[in-house]
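All residue numbers for the sequence shown refer to the working numbering, where the first residue is -18 and numbers rise by one.
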Amino acid sequence: MRIGQGIDMHAFATDATLPLVLGGVRVSESGGLAGHSDADAVAHALADAVLGAAGLGDLGDHFPDTDAAWAGADSIELLRTVVDKATSAGFRVVNGDCTVVLEAPKLAPHRAAMAERLSDAMGAPVSVKATRPEAMPSLDGVLCIAIVLLEEDA
Ligand code: MG
């Protein structure tokens, strides 16, 4: 068994018309995050956790933000690609778990859909939790912390 951890943060974009995409789900049609790809901090944190567990470096090694190919990329596809790399390296995902920290909007109505998309992308159960930065209203974006367990192929 191998464990990996990933953290990602994105600030809200100055262009308020961008959709907010988290865990592969459009949770809001506005108030999106700034980033080179679709800025899905949840998919990015999980992908980094997979890479960490597999000992395959980090997301920036595989998908440099200087590479135009990843501009506006669907981060669920990026997560699938990372899981494929781990599979090629001889690992199977056992499960993933993540906590999303944000002030608004409320994620409760979207958590099940996010978990479903992420579980589909990772081929294993992924749970999604959300918490608000109580008394720390200055978080001007989204933070996600993820943990992933991998099993070596027999
Ligand atoms: Mg990111």
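Beta carbons are placed, not taken as given, at the ideal position from N, Cα and C, and that holds for glycine.
Ranked by Cα distance from Ala26, the first of Leu88, Thr112, Leu60, Gly122 is Leu60. Under the DSSP assignment, Ser18 falls outside any alpha helix (DSSP H); it carries neither an H nor an E label. Leu131 is bridged by DSSP to Arg(-17), Val74. In this structure, the beta-carbon distance from Gly(-15) to Gly41 does not fall below 9 Å. Closest in C-alpha terms to Leu37, from the list Leu120, Glu97, Arg(-17), comes Arg(-17).
Where Lys87 is concerned, there is no enclosing alpha helix (DSSP H), because DSSP gives it neither an H nor an E.
Boundaries of the alpha helix (DSSP H) around Thr62: 56 to 69. If you draw a straight line from the Cα of Val63 to the Cα of Ala70, it comes to about 11 Å. In this structure, DSSP gives Ala30 a helical state, which the three-state scheme calls helix.
Just so you know, the alpha carbons of Asp(-11) and Asp134 end up roughly 28 Å apart. For Glu84, the closest of Asp101, Pro114, Thr68, Phe72 by C-alpha to C-alpha distance is Pro114.
Pairing Gly16 with Ala127 gives a Cβ-Cβ distance that is not under 9 Å. For Leu(-1), there is no enclosing beta strand (DSSP E), as DSSP marks it with neither H nor E. Annotation: the continuous alpha helix (DSSP H) that includes Gly41 extends over 40 to 43. Assignment of beta-bridge partners to Asp(-11) by DSSP yields Cys125. With a 10 Å radius around the Cβ and a threshold of 16 neighbouring Cβ atoms, Ser119 comes out exposed.
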